[in-house]
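Step one of this worksheet: look at the structure below.
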């Protein structure tokens with residue numbers, strides 16, 4: 024966006040940005056997860072429970088370094104039915120494109136392309152990222168600076184690849200300060216209080232179906248011969264996780 028439409032982008036805050044060239048071992052890991060996903064569908068409508076458990080485990084390791092929180096558990100439970108619908112046996116190619124090819128086949132931007140960037144860029148390296156070491160982010164920073172881009176690199180120690188989920192207390196102030204530092208207009212005052220939908224749900228509030236569309240995990244368990252809840256419990260048991268419980 025910043026390169027194609029430089030006049031429409033005010034700033035870029037890039038967390039765990041893709042490497043200039045995807046590391047071979049990361050591509051192999053993504054391909055392994057894809058192969059397990061395809062394998063899990065081979066006896067449809069009877070799904071291979073072991074294969075999908077391995078998919079969950081591999082994805083969780085890449086995204087969170089096996090750090091378990093109530094937040095990423097909820098995200099996983101919500102997205103499983105969506106993935107089953109969006110990447111079913113008729114859409115394997117789409118899944119491979121978004122999960123493997125997009126990262127493995129993309130070409131690094133040239134200096135000429137990067138010179139089109141007009142906005143400030145903040146690169147953020149997740150210090151505990153098992154897939155992308157900081158050297159890759161440093162190479163990207165060097166290339167941007169060589170192109171005359173106003174770019175900086177920050178590191179959030181210990182954060183996994185999806186660090187905003189597990190280390191939100193570290194990320195939220197950083198994002199806030201970056202936006203404020205590049206805002207030229209007056210910023211309205213922050214409300215004294217905010218209502219969280221999570222608090223409402225804990226009080227038995229149910230969203231109206233005409234306002235929010237969501238997929239019920241139980242509906243998918245009835246459609247497929249597979250216990251998704253049991254798979255989640257198996258993939259993320261307390262003894263396997265560095266457990267955190269955000270409030």
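Residue numbers (this note's numbering): 24 to 270.
Glycine included, C-beta positions come from ideal geometry on N, C-alpha and C.
Next on the checklist: Quick check on residue 123: does DSSP put it in helix, strand or coil?
Outcome noted: helix
Checklist entry - At what residues does the alpha helix (DSSP H) containing residue 203 begin and finish? => result 191-204
Checklist entry - From residue 164 to residue 145, what does the alpha carbon distance come to, in whole angstroms? => result 9 Å
Item to check | Alpha-carbon to alpha-carbon, residue 214 and residue 106 | outcome: 36 Å
Checklist entry - Under three-state DSSP, which class holds residue 135? => result helix
Checklist entry - Rounded to a whole number of angstroms, what is the C-alpha to C-alpha distance between residue 87 and residue 75? => result 18 Å
Next on the checklist: Please state the DSSP three-state secondary structure of residue 42.
Outcome noted: coil
Next on the checklist: Looking at residue 52: is its Cβ nearer than 8 Å to the Cβ of residue 81?
Outcome noted: yes
Next on the checklist: For residue 129, count the other beta carbons within 10 Å of its own beta carbon; 16 or more makes it buried, fewer makes it exposed. Which is it?
Outcome noted: exposed
Checklist entry - Where do the ends of the beta strand (DSSP E) carrying residue 208 lie? => result Element bounds for residue 208: n/a, residue is neither H nor E.
Checklist entry - Cα separation between residue 66 and residue 168? => result 52 Å
Next on the checklist: Excluding the 5 residues flanking residue 45 on each side, which residues of the same chain have their C-beta closer than 8 Å to its C-beta?
Outcome noted: 126, 127 and 129
Checklist entry - Cβ atoms of residue 178 and residue 38: under 8 Å apart, would you say? => result no
Item to check | Nearest to residue 187 (by Cα), restricted to the options 140, 134, 150 and 133 | outcome: 150
Next on the checklist: For the structure I just gave you, are there three or more beta carbon pairs, one from the segment 132-140 and one from the segment 196-205, closer than 8 Å?
Outcome noted: no
Item to check | Neighbourhood of residue 42 by C-beta, 7 Å cutoff - its chain only, sequence neighbours within 5 removed | outcome: 155 and 159
Checklist entry - Taking buried to mean at least 16 other C-beta atoms within 10 Å of its own C-beta, is residue 123 buried or exposed? => result buried
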